[in-house]
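Position 12 of the sequence shown, counted from 1, bears residue number 147 in this note's numbering, the numbering being contiguous throughout. Idealized CB from N, CA, C, for every residue including glycine. These numbers come from a predicted model, not from an experiment.
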Amino acid sequence: MCDYSLHNVESRPARVGDKLVTTSFANTITQGFASIDRPDVAVCLRPGTEIAFESEPEYFRPFTRWLPRVRPCRVASEVARFCLINLDRGDAHHDALEFPGGNVVLLTRLCPGQRATVLQLPADLQKTSVRSKQRRPIHVG
């Protein structure tokens with residue numbers, strides 16, 4: 136799924152072994168994953184896709200990204216599972232990562248330039264989608 140499925144940005148589905156980078160897409164106000172080889176192409180993850188970051192991922196809390204001298208927060212795990220949240224809200228971002236322990240971070244809050252690898256695609260898309268409908272963002276830090 137590509138919450139940032141932008142009409143003016145090329146996209147493709149994720150594949151096992153993909154090397155990704157968190158990025159802001161040109162002419163948009165949102166962020167997501169792109170291929171390291173093609174940073175202008177959004178890589179769409181399905182719910183249940185597992186990824187591993189090269190180091191502990193960093194993110195900004197709500198409304199702090201553009202404030203001067205605000206440091207990003209870190210998640211104490213390099214492995215995450217893609218999920219969908221806030222599906223009942225059309226005005227909210229839906230793409231998120233769930234980390235061990237239940238912490239959930241929206242993709243739009245991740246700091247740009249972080250690298251990750253797709254470890255595994257979901258075996259059963261239907262089960263992961265139903266579970267993810269009940270999730271709400273939990274801001275860690």
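- The DSSP-derived three-state label of Arg250 is strand.
- A Cβ-Cβ contact shorter than 9 Å links Glu189 with Ala251.
- By the C-beta criterion, the stretch 169–176 is judged not to be in contact with the stretch 211–221, since fewer than 3 inter-stretch pairs fall below 8 Å.
- His229 has its alpha-carbon roughly 7 Å from the corresponding atom of Leu241.
- Our two residues, Gln249 and Ser159, have alpha carbons roughly 11 Å apart in a direct line.
- Judged by beta-carbon spacing, Val178 lies within the 9 Å limit of Arg147, meaning their Cβ atoms are closer than that value.
- With fewer than 16 other beta carbons inside 10 angstroms of its own, Val151 counts as exposed.
- Beyond the five residues adjoining it in sequence on each side, Leu180 comes within less than 6 Å, by CB distance, of Ala149, Phe217 in the same chain, given in chain order.
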